[in-house]
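With my numbering applied, the sequence shown covers 118 to 280. This report refers to the structure that appears directly beneath it.
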Amino acid sequence: MTVNASVVKADVALYGKTKKLEKMTNDKWEELKMRAVCTIRICLADEVMYQVMDEESSAGIWAKLESRYISKLLTNKLYLKQKLYRLKMIDDADLTQHINTFNEIISDLLRIDLNFDDEDKALMLLTSFSASYEHLVTTLLWGKETQETTEVMVALLAYNQRK
């Protein structure tokens with residue numbers, strides 16, 4: 118996400134275009150492609166950048182990154198699901214950071230086409246909290262037929278602000 122935002126912000130987004138626009142000069146097109154490649158490389162950690170150094174196009178870099186990090190292999194699915202199901206908040210840990218970690222895992226699962234309905238996400242989030250949040254979890258679930266993830270997050274963050 119950060120790389121995409123940086124490329125767009127730097128005005129070098131190619132939006133998947135492989136051919137230059139008719140009104141664009143060859144020099145401008147080459148400059149745009151080079152700036153896109155450089156912007157992507159700047160956003161990568163060193164150990165990741167070394168894996169794509171041989172790629173000369175932004176499309177080539179994306180393809181290599183996707184094949185390595187957004188793999189739909191069974192092992193990757195298993196790893197991400199384990200990460201989600203084993204997520205437990207440590208007592209006295211930062212609530213916001215825990216929610217961010219949960220959202221990051223859900224986002225990673227979405228990238229490999231694994232989706233959960235909203236109620237399941239809400240329940241998984243609630244079950245990931247430590248015992249110190251037991252009373253809040255019970256309150257959020259009491260008398261409800263369904264639970265929405267956004268509603269849970271808003272309630273948790275509001276509770277955290279009052280602490």
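Beta carbons: idealized from backbone N, C-alpha and C, even for Gly. In this text the structure is predicted, and so the values were computed from the model without any measurement.
Neighbourhood of residue i by C-beta distance below 6 Å, restricted to the same chain and skipping five residues each side
| i | result |
| --- | --- |
| N161 | Note that residue 161 corresponds to Leu in the displayed sequence, not to Asn. No residues qualify anywhere along the chain. |
| L226 | L197 |
| L231 | none |
| L253 | Y276 |
| R279 | none |
| T267 | none |
Cut-off 8 Å between Cβ atoms - residues of its own chain near residue i, not counting five sequence neighbours on either side
| i | result |
| --- | --- |
| M166 | R158 |
| V269 | A239, L242, L243 and L257 |
| S174 | K150 and V154 |
| R185 | Q168 |
| W259 | none |
Per-residue DSSP class, three states only, for residue i
| i | result |
| --- | --- |
| T192 | helix |
| K184 | The question names Lys, yet the displayed sequence has Ser at residue 184. Of the three classes helix, strand and coil, the one that applies to S184 here is helix, per DSSP. |
| L253 | helix |
| E147 | helix |
| R152 | helix |
| Q264 | coil |
| L281 | Examination of residue 281 is not possible in this model, given that the chain is present from 118 through 280 alone. |
Residues near residue i by beta carbon distance below 7 Å, same chain, minus five either side
| i | result |
| --- | --- |
| L182 | V169 |
| I207 | S247 |
| E172 | I178 and K181 |
| I222 | L197, K200, L201 and L204 |
| K261 | none |
Short Cβ contact (7 Å threshold) for residue i with residue j
| i | j | result |
| --- | --- | --- |
| S245 | K205 | yes |
| E265 | D235 | yes |
| K189 | I216 | no |
CB-CB length for residue i against residue j, believed under 8 Å
| i | j | result |
| --- | --- | --- |
| L274 | T213 | 7 Å |
Contact with chain B by residue i, beta-carbon distance below 7 Å
| i | result |
| --- | --- |
| V154 | In summary, chain B is missing from the structure at hand, where a single protein chain is found. |
Exercise. Which ranges does the alpha helix (DSSP H) cover as unbroken runs of at least 4 residues, wholly within the region 209-248, from first to last along the chain?
Worked result: Within the region 209-248, the complete alpha helix (DSSP H) runs of at least 4 residues are 212-228 and 235-244.
For this session: May I have a chain-ordered list of the alpha helix (DSSP H) segments no shorter than 4 residues that lie completely inside the region 156-180?
Result: 163-166
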